[in-house]
Amino acid sequence: MAERLNVALLFGGTSSEHDVSLRSAANVIDLLSERVDLTLVGITRGGSWLLYGGDATAIADDSWQGHDTTPVCAVPGDGGGLFAVEGGSPVRLPIDVVFPVLHGQGGEDGVTQGLLESCRLPYVGCGVLSSALCTDKDAAHRIVAAAGIRSPRCEVVHPGDGATRIAEVAAACGYPLFVKPARGGSSYGVSKVEGPEQLDEALGLAFGYDEKVAVEEAIVGTEVGCAIMGGAAGELAMGLVDETVVSDGGFFHIHQDHSEGADASTRNSSTRCPALLPPEVMERVRETGTAVWRALGCSGLARVDLFVTERGEVVFNEVNTMPGLTSYSRFPAMMAAAGADMGEVLERLVRSAARTGAR
């Protein structure tokens, strides 16, 4: 029997996806608690790290913070790690590997990953550079395009850019176009812009989430996803490819911070798994998803999102380096459709990270 691991599960975080993280973590705890020893460390919206020793059912609704908590500090260097501060004295937490179930800025953009590396702690998921690249839509598109993979035209604007610069960017991408926080997650702050009269409002919304905003060419096609796990090199495991069916002619909205059910993860769409694609197109999707993973240096797990046009062309969209892990999220659904038990998938991820060791 394999040695039982001590896993620190991080949840919450400071991003707009705090609530999504709570629901992902609740499901991960349910699936992993019988397989490993879990140490629960919550991150408040304000950024405080707290060891949580109460009932795990209080995590999903964010009521955990009011009880059974102890401050936690991260100590870099040899002999470092995670320490609970009890009575003014730090007590090392016995951790074999960290599972940062965090979404969005500060969680999956390389910030937490860099902190964990400085503390010599192995962790599940993409490394610092890969996390940062995948989170930044502009950077990800440039890297993927340089690897020879078709990507949408993407330009960047900042709060100080004048009307001339903004008009040039819009003209380069053409209407309709998408305005997105460059380092945002889910669909927060994203707008589809049909004409110049909608541009200022869309930019104002996006700047509310990030000072760097991506303006993207709109790709007409079906959005598909690849759930992938494995190392930066070597053989990868992939779930069945899914597709998103948008019901209102708009774009795919996803805010997985509501109650479970048909309207929990989407507001105007549904997913179909496996995707209804011809075999040769399906193979191109799988090959492109793998190529994107390699180009961006992914490891651990990620969901690679792509478009398939009417002509069967596969176009890059984005990568989620810590995809939603709720019971109704796309990554678990794609893995389940491929016959994988999600509890086994999660255990495989933490054991692989523990074997790899600190980076």
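Residue numbering for the sequence shown follows the UniProt record's numbering, starting at 1 and increasing by one per position. Every residue, glycine too, gets a C-beta built ideally from N, C-alpha and C.
Can you grab the Cα-Cα spacing for the pair residue i / residue j, in whole Å?
{"i": "Val350", "j": "Thr309", "result": "36 Å"}
{"i": "Leu301", "j": "Tyr175", "result": "34 Å"}
{"i": "Ser16", "j": "Leu102", "result": "11 Å"}
{"i": "Leu277", "j": "Glu194", "result": "29 Å"}
{"i": "Ala2", "j": "Ile143", "result": "39 Å"}
{"i": "Val41", "j": "Leu9", "result": "6 Å"}
{"i": "Gly225", "j": "Ala337", "result": "13 Å"}
{"i": "Val157", "j": "Arg92", "result": "45 Å"}
{"i": "Asn317", "j": "Ser299", "result": "18 Å"}
{"i": "Gly208", "j": "Gly189", "result": "7 Å"}
{"i": "Arg45", "j": "Val281", "result": "42 Å"}
{"i": "Thr39", "j": "Leu51", "result": "8 Å"}
{"i": "Trp64", "j": "Ser187", "result": "26 Å"}
{"i": "Arg153", "j": "Glu217", "result": "5 Å"}
{"i": "Arg286", "j": "Ser33", "result": "32 Å"}
{"i": "His67", "j": "Gly297", "result": "40 Å"}
{"i": "Met342", "j": "Pro323", "result": "14 Å"}
Leaving aside the five residues before and after residue i along the sequence, list all residues of the same chain whose C-beta is less than 7 Å from its C-beta, in chain order.
{"i": "Arg183", "result": "Gln105, Asp109, Thr135, Asp136, Asp210, Lys212"}
{"i": "Ser270", "result": "Val245"}
{"i": "Gly87", "result": "none"}
{"i": "Arg272", "result": "Asp242, Glu243, Val245"}
{"i": "Val128", "result": "Gly110, Gln113, Gly114, Glu117"}
{"i": "Gly80", "result": "Cys119, Arg120"}
{"i": "Ala353", "result": "Val97, Pro122, Tyr123, Val124, Gly300"}
{"i": "Leu205", "result": "Gly189, Ser191"}
Helix, strand or coil for residue i, going by three-state DSSP, please let me know.
{"i": "Ala214", "result": "strand"}
{"i": "Glu34", "result": "coil"}
{"i": "Glu347", "result": "helix"}
{"i": "Ala2", "result": "coil"}
{"i": "Leu301", "result": "strand"}
{"i": "Ala8", "result": "strand"}
{"i": "Leu177", "result": "strand"}
{"i": "Ala338", "result": "coil"}
{"i": "Val190", "result": "coil"}
{"i": "Gly230", "result": "strand"}
{"i": "Leu276", "result": "coil"}
{"i": "Arg92", "result": "strand"}
{"i": "Gly104", "result": "coil"}
{"i": "Leu236", "result": "strand"}
{"i": "Leu296", "result": "coil"}
{"i": "Asp200", "result": "helix"}
{"i": "Asp19", "result": "helix"}
{"i": "Ser329", "result": "coil"}
{"i": "Glu243", "result": "strand"}
{"i": "Thr356", "result": "helix"}
{"i": "Gly208", "result": "coil"}
{"i": "Val308", "result": "strand"}
{"i": "Thr14", "result": "coil"}
{"i": "Thr321", "result": "coil"}
{"i": "Glu287", "result": "helix"}
{"i": "Val281", "result": "helix"}
So, for residue i: in the same chain, excluding its five sequence neighbours on each side, which residues have a beta-carbon less than 6 Å away from its beta-carbon?
{"i": "Ala227", "result": "Gly239, Arg303, Phe331, Met334, Met335"}
{"i": "Arg23", "result": "Ala60, Thr326"}
{"i": "Gly185", "result": "Glu17, His103, Gly104"}
{"i": "Ala26", "result": "Ile59, Ala60"}
{"i": "Ser118", "result": "Pro76"}
Using the beta-carbon count (16 or more within 10 Å), is residue i buried or exposed?
{"i": "Ser151", "result": "buried"}
{"i": "Ala171", "result": "exposed"}
{"i": "Pro279", "result": "exposed"}
{"i": "Pro196", "result": "exposed"}
{"i": "Glu155", "result": "buried"}
{"i": "Pro138", "result": "Reading off the sequence shown, one finds Asp at residue 138, where the question assumed Pro. Asp138 should be labelled buried."}
{"i": "Ser89", "result": "exposed"}
{"i": "residue 361", "result": "The chain is shown only over 1 to 359; residue 361 falls outside these bounds and no answer can be derived."}
{"i": "Gly12", "result": "buried"}
{"i": "Pro71", "result": "exposed"}
{"i": "Asp55", "result": "exposed"}
{"i": "Val28", "result": "buried"}
{"i": "Val20", "result": "buried"}
{"i": "Glu347", "result": "buried"}
{"i": "Ala233", "result": "exposed"}
Just to confirm my understanding: we take residue i, look at its own chain, exclude 5 residues before and 5 after, and list those with CB closer than 8 Å. What are they?
{"i": "Leu199", "result": "Ile166, Ala170, Val179, Val193"}
{"i": "Val7", "result": "Leu32, Val36, Asp37, Leu38, Thr39, Ile95, Asp96, Val97, Val98, Phe99, Val350"}
{"i": "Gly357", "result": "Pro122"}
{"i": "Pro159", "result": "Phe207, Glu211"}
**Request:** Please go through the stretch 21 to 88 and give each complete beta strand (DSSP E) segment of 3 or more residues, from N-terminal end onward.
**Result:** DSSP runs (the beta strand (DSSP E)) wholly in the stretch 21 to 88: 37 to 43, 49 to 52, 69 to 75, 81 to 86.
**Prompt:** Which full runs of the beta strand (DSSP E) of 3+ residues lie inside the stretch 107 to 139, going along the chain?
**Reply:** Those beta strand (DSSP E) runs which fall completely within the stretch 107 to 139 and span 3+ residues do not exist here.
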